[in-house]
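Numbering (this note's numbering), first residue to last: 36 to 342. Notes follow once the structure below has been shown.
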Amino acid sequence: MNQDVSKLIVEHPQLKEKVLVDFINGIEVIDDHIRVQEKTNEKFFGRVWSDLTGESHARQHTINQHVNHSLNAISDWLQFLQTAQIESDLAITKIGDKLAETRAGVMRLNAKHNELAKQVDLLMIDFDKLENRFDQLTVKLRQVDAGRLASQHLEAVFDKWQAGRFNHYPVMIRLYFVFDELYWGDFGNYCRKYDLEHEIKRLIQQVKDKALIQLNQDLQVTNAVAKAWQTELSNEVQNLSADYQELLAYLTNDATTSTPMLWAVNRLANGQNDLETCLQLPIILNVQNTIERFAHDFEVRNVQQRH
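Following this line, the structure appears as structure tokens:
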């Protein structure tokens with residue numbers, strides 16, 4: 036049975052941010068037109084995007100090859116941004132860059148297609164409003180007490196885990212979701228934005244310690260027993276509902292073997308049981324090593340975003 040998309044967004048707030056970033060990344064601004072690229076996991080993306088915007092699937096996911104359709108797609112995007120509560124620094128940064136690029140592209144269209152002048156003028160008003168809004172958001176991000184927000188975010192995510200709100204997932208996947216939520220929120224923002232190595236290491240160690248306590252409780256063990264994990268996790272993921280598998284596949288669709296645990300989650304969520312092809316993956320894991328592996332992938336993702 037399909038899960039309610041709005042419920043998935045509530046359970047996993049990073050889903051909204053990633054869908055928006057993926058849409059932004061799909062906008063190509065070319066000399067002659069603006070085009071929206073087709074997405075990976077198009078069906079799942081479409082359901083989430085339609086839920087966020089309230090628009091029909093067909094309207095949002097036409098691959099626009101004509102100028103007028105392109106401007107309509109950009110107009111829909113701008114209208115959504117004006118009402119959406121965008122929280123991730125990753126989304127805010129990408130939106131700011133793409134607004135400037137798309138404004139320039141729309142102006143080039145206007146120069147080549149005089150009959151579009153009225154439509155372009157209306158879009159320019161939206162661009163002005165949004166660029167001002169996101170300039171203000173950027174200033175706000177610089178002014179907040181980022182360390183305090185990071186600590187609060189850490190506590191909130193572990194409260195969520197302790198309250199049992201990840202219990203419908205396999206134990207190892209619960210750990211994945213903890214690091215993924217931390218990556219997309221205030222905790223990840225702090226780790227990426229500030230060159231405070233000692234403080235960041237302290238916070239990440241706090242995550243590891245809390246994860247060790249919670250994993251031992253979930254597994255009802257007191258000793259970190261090493262065991263083979265790949266077949267067991269594969270079976271557990273395949274027993275999830277189709278929507279939860281698609282959610283995992285979508286959230287990890289940019290994973291590579293440089294983040295091997297995320298790559299493994301993606302492969303299993305896509306029904307590919309070929310983990311032995313990744314030499315970076317261990318065959319045997321205990322609780323402590325599992326935490327270290329996911330923490331490593333978290334740190335690799337942050338380094339990649341700094342560049």
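All C-beta atoms in this analysis are idealised placements derived from N, C-alpha and C, irrespective of residue type, glycine included.
Extent of the continuous alpha helix (DSSP H) to which residue i belongs
i	result
residue 209	206-219
residue 182	181-197
residue 329	322-341
residue 48	Premise fails: residue 48 is in no alpha helix (DSSP H) and is neither H nor E.
residue 253	232-254
residue 297	295-304
Integer-rounded CB distance, given that residue j should sit under 8 Å from residue i
i	j	result
residue 210	residue 188	With a Cβ gap of about 16 Å, residue 210 and residue 188 do not count as contacting.
residue 322	residue 250	5 Å
residue 163	residue 49	No, residue 163 and residue 49 are not in contact; Cβ-Cβ is about 29 Å, not under 8 Å.
residue 272	residue 246	About 20 Å; that fails the 8 Å criterion.
residue 139	residue 242	41 Å between Cβ atoms; not a contact.
residue 59	residue 129	5 Å
Residue i Cβ short of 7 Å to the ligand COA heavy atom set
i	result
residue 54	No copy of the ligand COA occurs in the structure displayed, which carries no ligand at all.
Own chain partners of residue i with C-beta closer than 7 Å, once the 5 adjacent residues on each side are dropped
i	result
residue 284	76, 301, 304, 305
residue 232	none
residue 261	319, 320, 321
residue 274	none
residue 294	332, 335, 336
residue 343	Residue 343 is absent from the structure shown; the chain starts at 36 and stops at 342.
residue 280	272, 304
residue 325	207, 210
residue 197	249
Same chain, Cβ closer than 6 Å to residue i, neighbours up to 5 away in sequence not counted
i	result
residue 340	227
residue 221	184, 185, 188
residue 207	268
residue 202	none
residue 308	269
residue 265	310
residue 328	296
residue 40	82, 83, 86
Three-state secondary structure (DSSP) of residue i
i	result
residue 160	helix
residue 62	strand
residue 319	strand
residue 263	strand
residue 285	helix
residue 347	The structure shown has nothing for residue 347, since the chain only spans 36 to 342.
residue 277	helix
residue 291	coil
residue 167	helix
residue 79	helix
residue 87	helix
residue 270	helix
residue 55	helix
residue 314	coil
residue 132	helix
Cβ neighbours of residue i in the same chain (closer than 8 Å, five flanking residues each side left out)
i	result
residue 31	The structure shown does not extend to residue 31, since the chain is modelled only from 36 to 342, so the question has no answer here.
residue 54	80, 83, 84, 87
residue 199	none
residue 46	200
residue 350	In the structure as shown, the chain starts at 36 and stops at 342, and residue 350 therefore has no counterpart that could be examined.
residue 181	221, 224, 225, 228, 229
residue 234	182
residue 286	47, 49, 50, 53, 215
State whether the region 313-322 contacts the region 286-299, with contact taken as three or more CB pairs (one from each stretch) at a distance under 8 Å. The region 313-322 is in contact with the region 286-299.
Examine the Cβ distances between the region 325-340 and the region 221-241 and report whether three or more of them are shorter than 8 Å. Between the region 325-340 and the region 221-241 there are three or more C-beta pairs closer than 8 Å, enough to call the two in contact.
Quick test of the definition: if touching needs 3 or more C-beta pairs under 8 Å, does the region 277-293 touch the region 229-245? The region 229-245 and the region 277-293 do not touch, with fewer than three beta-carbon pairs separated by less than 8 Å.
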